[in-house]
Amino acid sequence: MKTLGRWGCGLVFAGLVFGVLYAQRPFRQYPSVEGYEGMPLPADYQKHTEWTFARLMYPPGPLDGYAGRFDGDWREGLSLWTQDYPAADRKFSEALRRLTRVEARGVEQAVNLDDGDEIYNWPWLYAVQVGEWGLTEKQAKKLRDYLLRGGFFMADDFHGSQEQAYFEGTMKMVFPERPIVDIPNDDPIFHTVFDVNDRFRIPGAEHLGTGYKKDGRVARWEGIYDDKGRVMVVICLNSDTGDAWEWSDSPRYPLKYSDLAIRLGVNYVIYAMTH
């Protein structure tokens, strides 16, 4: 059987990448519940790069902690999905550039599952406060297809038994046949760049006093696997990884939490790009 050879494959790959990049939506910054509207844009905010922090937009659900405060159109920002945004996204992207050879864009991309095929342009996807989201059945179906095609989803910042039960119920809409399981310590996802054997609960900046939120005292690193043993969904239960990224340059936030959060995030990105 004939093969294209290294250069032929490279040309085909370049054509595929160009087609994807051409179809991507332009960058847009939305108003954030954190009040980061005045945050300056990095110089490369319009550049097409190897990797971009894609943040999932979603409607709020019945456990929405911002109900009564931010009740506008979730598609226009000022909603749950903008927690820690965009500071966490940009500080993590900067760390990824510093610690790896990945050409990461300096700004994030907000992605809506209801926006046609846009989600398929972004192979790594992050969502915050997933214990309070309002994922619809239509969005769940799109998320399922995205993941089975090779996408990767990081679900972060949900705490306690009530939010855990609600999140697990919504993920049953995505994968009714696939269980959420604890990721074993020897899984490659914990060893792609850094050996992250010593994992501990990462509290948000507002919960440093207690070290946990609600009744979420025990941190768990869970996942959903595909048929080939690839982690499609990595789940950060009772930890606030995004907050640790957001406050990584603050002397008031303990370095050990940001250090762990960044190492985990780097591993997740490299794993997603290589598995």
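Be aware that the sequence shown starts at 147, since it is given in my numbering, and climbs by one per residue. We put the beta carbon where it would ideally sit given N, CA and C, even for glycine. The model shown is predicted, which means the values in this text are computed figures rather than measured ones.
Spell out a yes or no on whether the region 225 to 238 and the region 173 to 183 are touching, meaning 3 or more CB-CB pairs, one atom from each, closer than 8 Å.
Result yes; three or more Cβ-Cβ pairs closer than 8 Å.
Can you find the residues in the same chain that come closer than 8 Å, C-beta to C-beta, to Tyr417, ignoring five residues on each side of it along the sequence?
Phe298, Pro334, Ile335, Thr338, Val377
Using the rule of at least 16 other Cβ atoms within 10 Å of the residue's Cβ for burial, across every protein chain shown, is Tyr168 buried or exposed?
Note on Tyr168: pLDDT 46, under 50, position unreliable in the model; the coordinate value appears next. Exposed, because fewer than 16 other Cβ atoms sit within 10 Å of the Cβ of Tyr168.
Could you give the DSSP three-state label for Pro334: helix, strand or coil?
helix
Residue ranges of each alpha helix (DSSP H) run of no fewer than 4 residues wholly in the region 295 to 346, ordered along the chain?
306 to 320
Could you check how far apart the C-beta atoms of Asp395 and Ile348 are, in whole angstroms? I think they sit under 8 Å.
Going by Cβ atoms, the distance from Asp395 to Ile348 rounds to 16 Å, so no, they are not a contact pair.
Alpha carbon to alpha carbon, how far is His194 from Lys374?
30 Å
Can you round the beta-carbon distance between Phe173 and Val253 to whole angstroms, since I take them to be within the 8 Å contact cut?
6 Å
Counting along the chain, where does the alpha helix (DSSP H) carrying Asn249 start and finish?
In the sequence as presented, Asn is not what sits at residue 249; that position holds Glu. Note, Glu249: premise wrong, no alpha helix (DSSP H); not H, not E.
Candidates Trp227, Arg324, Asp217: which alpha carbon is nearest Asp372's?
Arg324
Name the DSSP beta bridge partners of Tyr371, please?
DSSP, once it has assigned bridges, lists Val377 as partnering Tyr371.
Do Gly362 and Asn110 come within 8 Å of each other at the CB atom, strictly closer than that value?
Residue 110 is absent from the model: the chain starts at 147 and stops at 421.
Within a Cβ cutoff of 8 Å, which residues of the same chain sit near Gly296, ignoring the five residues on either side of it in sequence?
Cβ neighbours of Gly296 beyond the five flanking positions: Pro269.
Using DSSP with H/G/I as helix, E/B as strand and the rest coil, what is Val412?
helix
Taking 8 Å as the threshold (C-beta atoms), are Val274 and Trp227 in contact?
For the pair Trp227 and Val274, the CB atoms are nearer than the 8 Å cut-off.
Expressed to the nearest angstrom, what Euclidean distance is found between the alpha-carbon atoms of Asp303 and Asn267?
24 Å
Indicate the three-state DSSP secondary structure (helix, strand or coil) for Ala418 in the structure shown.
helix
Do you know whose CA, among Leu202, Leu242, Leu187, lies nearest Asp405's CA?
Closest by alpha carbon: Leu242.
Please report the distance separating the alpha-carbon of Gln255 from that of Tyr191.
It is roughly 10 Å from the alpha-carbon of Gln255 to the alpha-carbon of Tyr191.
Closest to Gly388 by C-alpha separation, out of Lys402, Ile370, Ile408, would be which residue?
Ile408
To the nearest whole angstrom, what separates the beta carbons of Ile133 and Glu309, a pair I think is in contact under 8 Å?
Within the shown structure, residues of the chain are numbered from 147 to 421, placing residue 133 beyond reach of any answer.
Just list the residues that DSSP pairs Val257 with in beta bridges.
Leu202
With DSSP run on the structure shown, which of helix, strand or coil describes Tyr272?
strand
Between Met300, His353, Phe199, Met203, which lies nearest to Trp367 when the distance is taken from Cα to Cα?
Met300
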